[in-house]
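Chains as they are written, first to last, in my numbering: chain A, 812 to 1085; chain B, 6 to 276. The beta carbon of each residue, even a glycine, is placed where N, CA and C say it ideally should be. Fair warning: this is a prediction, and the values are worked out from it, not measured in the lab. Structure, as structure tokens:
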Ligand SMILES: Nc1ncnc2c1ncn2[C@@H]1O[C@H](COP(=O)(O)OP(=O)(O)OP(=O)(O)O)[C@@H](O)[C@H]1O
Ligand SMILES: [Mg+2]
């Protein structure tokens, strides 16, 4: 890029030194160009048979074919639906529990011993149980995705709500607010930006469980497509599926970043300062 | 007992903190403290660090339980926080998601079912604290002094019987601090509002206080009640003139002397 020489600042490496937006974009793009370039080079340099290690250009072409000729969008929608429903259910369950645990130590003292150990149980370990209880259908997959995030959601929400400054609560109380008004109008309201962040982060976790959920006895979904492609050793399709998951995850992340920015104008300045 | 609006009575109040929270044995923070204010009076709690000033203020606010004795405001016994006792904290407490205007209106909004009827009160206090041009700004865009003004206006707009302030100007630079003292005194005198405030600043205590309770170190007791009556109401007009009054210097050095004694006693206690 050509820029006036006076404005070009060298990228210096120093602890905690902020990086300008242009520099960030340039550096980020450079990393991707390097990664894709290396991949392309390695794949076309005959280190391995191209069938087992296709270059990025072919993966993109395959992705296009998948959408145009093989109805891949139906798989994508099926996956999105599973993540969406399971996350909504998990959030609806975790929100009241987490808020109450965060706001009232008594509630936390009751539920914490119950919730904490569950976080350490890997959700995939429940697959056999879920298969026996719920069969091989969608309910089982949604239940697995639910189990994958719900305990983390409860803990993260509770921790975040607990961090609402006591002075804000006490100020509201001395202004005559009732318990309900403090809970909803101050504690919950103050936590909202953080809740959007937690949603964004945990959606990423849910997204990583998707493949595990769809590997087991599934006919549709991105994961099912990947497993089908594996059977026919279509490495390009497997990679296209993985790329698709990455793209969707990134888009979801951006969507929630945008929501945070649009919904909480007052929090913008602070995040820039921090 | 007939009590006038805005009267404060602190009657032989003690506070015992159970030690579990700080891995310490139960300790007496306040020992049988009494203190009265009539309507429109400005009370100041002064004393060495850790003598229980904040504790007493928080007990009047209803944010801390009372171990012994009783506190009444406008004749009603304090049992918990309520809108009749507004509080201004030392740290910034503006609700970050509300604009300046919405912050000031917060108390009125939650206390009245009819919304929008209190525009006049909010406008009046925004005007008084000089933040009318910033009404649509969020607290994050304000300086520390401005945020503290918002907190004071928010407490005043809610029309409490008594205004409680815990080192409200502690974080401000001397110039802003001095402006805020005059501003608050002006409003408080106009509204005939009772005020109880904590400060470390002797000058602030003499300038603002009608009655100063000087606390001795732990367990906190009222060591001396001081009423700076010299200069009449005129001592509030001009700080330079106040300092020129000989009585001011006498009172200041007497309080300084007490501060030194209490500080030495505290050090001896912990040593
Ligand atoms: N929640 C608490 N639990 C136990 N002890 C406490 C608690 N709050 C205060 N104390 C103790 O009570 C005593 C009085 O504290 P307080 O905060 O009222 O002092 P203060 O006069 O406001 O001091 P400062 O001028 O430093 O603000 C201190 O010794 C303090 O350690
Ligand atoms: Mg204090």
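Chain-ordered neighbours of residue 931 (chain A) on chain B, where CB pairs are closer than 7 Å: Near residue 931 (chain A) there are no residues of chain B at all, since even the closest Cβ is about 29 Å away, more than 7 Å.
Stretch pair the segment 928 to 945 of chain A + the segment 1006 to 1014 of chain A: three plus CB contacts closer than 8 Å: no
Residue 1044 (chain A) - DSSP class collapsed to helix/strand/coil: coil
Bounding residues of the beta strand (DSSP E) (the contiguous stretch that carries residue 219 (chain B)): 216 to 221
Limits of the unbroken beta strand (DSSP E) element including residue 20 (chain B): 13 to 22
Those residues which DSSP pairs with residue 42 (chain B) across a bridge: B:13
Sequence-distant residues of the same chain with beta carbon closer than 8 Å to residue 894 (chain A), five excluded per side: 956, 1014, 1017, 1018 and 1021
Residues bridged to residue 92 (chain B) (per DSSP): B:169
Extent of the continuous beta strand (DSSP E) run through residue 202 (chain B): 199 to 203
Within chain A, partners of residue 90 (chain B) - CB distance below 9 Å: 985
Residue 888 (chain A), enclosing alpha helix (DSSP H) - first and last residue: 883 to 914
Touching by the beta-carbon criterion (3+ pairs, under 8 Å), the segment 904 to 923 of chain A and the segment 989 to 1002 of chain A: yes
Expected contact under 8 Å - CB spacing of residue 987 (chain A) and residue 112 (chain B) to nearest Å: 6 Å
Contacts that residue 1000 (chain A) makes with chain B (C-beta to C-beta distance below 7 Å): 102
Spatially closest choice to residue 211 (chain B) from B:135, B:188 and B:256, by CA coordinates: B:256
Under the three-state DSSP convention, the category residue 78 (chain B) falls into: strand
Residue ranges of each beta strand (DSSP E) within the segment 1008 to 1067 of chain A, 3 or longer: none
Contacting positions in the segment 46 to 74 of chain B - beta carbon closer than 7 Å to chain A: 66 and 68
Any non-hydrogen atom of ligand 2 closer than 8 Å to residue 58 (chain B) Cβ: yes
Residue 999 (chain A) to residue 880 (chain A) span [Cα, whole Å]: 48 Å
Neighbour-count burial assignment, residue 275 (chain B), 16 or more Cβ in a 10 Å radius: exposed
Reduced DSSP secondary structure (H/G/I, E/B, other) of residue 85 (chain B): coil
Residue 971 (chain A) versus residue 93 (chain B): straight-line alpha-carbon distance, rounded: 25 Å
DSSP-derived helix/strand/coil call for residue 775 (chain A): Outside the shown range of chain A, which is 812 to 1085, sits residue 775 (chain A), and nothing can be said about it.
Beta-carbon neighbours of residue 988 (chain A), restricted to chain B and to distances below 8 Å: 115
Closer than 8 Å: residue 61 (chain B) CB and nearest ligand 1 heavy atom: yes
Residue 231 (chain B) - partner residues in DSSP beta bridges: B:217
Burial state of residue 15 (chain B), where buried means 16 or more other Cβ atoms lie within 10 Å: buried
Spatial neighbours of residue 85 (chain B) in its chain, beta-carbon cut-off 8 Å, leaving aside the 5 residues before and after: 67
Min CB distance residue 1077 (chain A) to chain B below 9 Å: yes
Within-9 Å CB hit, residue 173 (chain B) to chain A: no
Closer than 8 Å: residue 171 (chain B) CB and nearest ligand 2 heavy atom: yes
Start-to-end residues for the beta strand (DSSP E) that takes in residue 51 (chain B): 47 to 51
Simplified DSSP assignment, three categories, for residue 149 (chain B): helix
CB-CB length for residue 144 (chain B) against residue 101 (chain B), believed under 8 Å: 6 Å
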